[in-house]
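Asker:
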Amino acid sequence: MDAQLEIIICLGSSCFSRGNSKNLKIIQDYLKKNHLEHKIDFRGHLCSEHCNRGPVMRINGKWYEQVDESNIMTILEETLGGIK
Numbered sequence: 208m209d210a211q212l213e214i215i216i217c218l219g220s221s222c223f224s225r226g227n228s229k230n231l232k233i234i235q236d237y238l239k240k241n242h243l244e245h246k247i248d249f250r251g252h253l254c255s256e257h258c259n260r261g262p263v264m265r266i267n268g269k270w271y272e273q274v275d276e277s278n279i280m281t282i283l284e285e286t287l288g289g290i291k
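In my numbering, the protein residues as written are 208 to 291.
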């Protein structure tokens with residue numbers, strides 16, 4: 208892989224309390240389970256100023272809104288599923 212993928216999760220108070228506290232753990236577990244911890248630049252960011260659409264996260268520049276337990280695995284599989 209030429210460029211490292213980047214996942215940025217909003218850890219502002221609104222997104223964090225609306226679900227990114229759980230999403231943080233889900234992403235960490237997904238990366239570990241799929242041996243992607245060293246292939247993905249995963250980090251938190253203070254408020255992304257998308258509070259009304261949160262919880263939000265960004266993968267390689269693309270924003271994902273209203274990310275929760277019902278859709279986060281689909282997002283991760285669609286964006287990261289082909290990485291070895």
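The beta carbon of each residue, even a glycine, is placed where N, CA and C say it ideally should be.
1) Short check: CB of I216 to CB of H257, under 9 Å?
2) On the DSSP letters alone, give me the boundaries of the alpha helix (DSSP H) that K232 sits inside.
3) Taking C-alpha atoms, which residue in I290, M264, Q211, F249 lies nearest to N227?
4) Could you tell me the alpha carbon to alpha carbon distance between Q273 and H245, rounded to whole angstroms?
5) Tell me which residues share the same chain as R225 and place their Cβ nearer than 6 Å to its Cβ, disregarding the 5 neighbours each side in the sequence.
Answerer: Inspection of the coordinates gives the following:
1) Taking the first residue of the sequence shown as 1, we reach residue 216 at position 9. Taking the first residue of the sequence shown as 1, we reach residue 257 at position 50. No, these two residues do not count as a Cβ contact at 9 Å.
2) What you label residue 232 is simply residue 25 of the sequence shown in a count that begins at 1. 228-240 is the span of the alpha helix (DSSP H), which, as asked, contains K232.
3) The sequence position of residue 227 within the sequence shown is 20, counting from 1. For the residues I290, M264, Q211, F249, the minimum Cα distance to N227 belongs to M264.
4) Against the sequence shown, residue 273 aligns to sequence position 66. Against the sequence shown, residue 245 aligns to sequence position 38. Each residue's alpha carbon lies about 27 Å from the other.
5) Counted from its first residue, the sequence shown places residue 225 at position 18. G261, P262, listed in sequence order.
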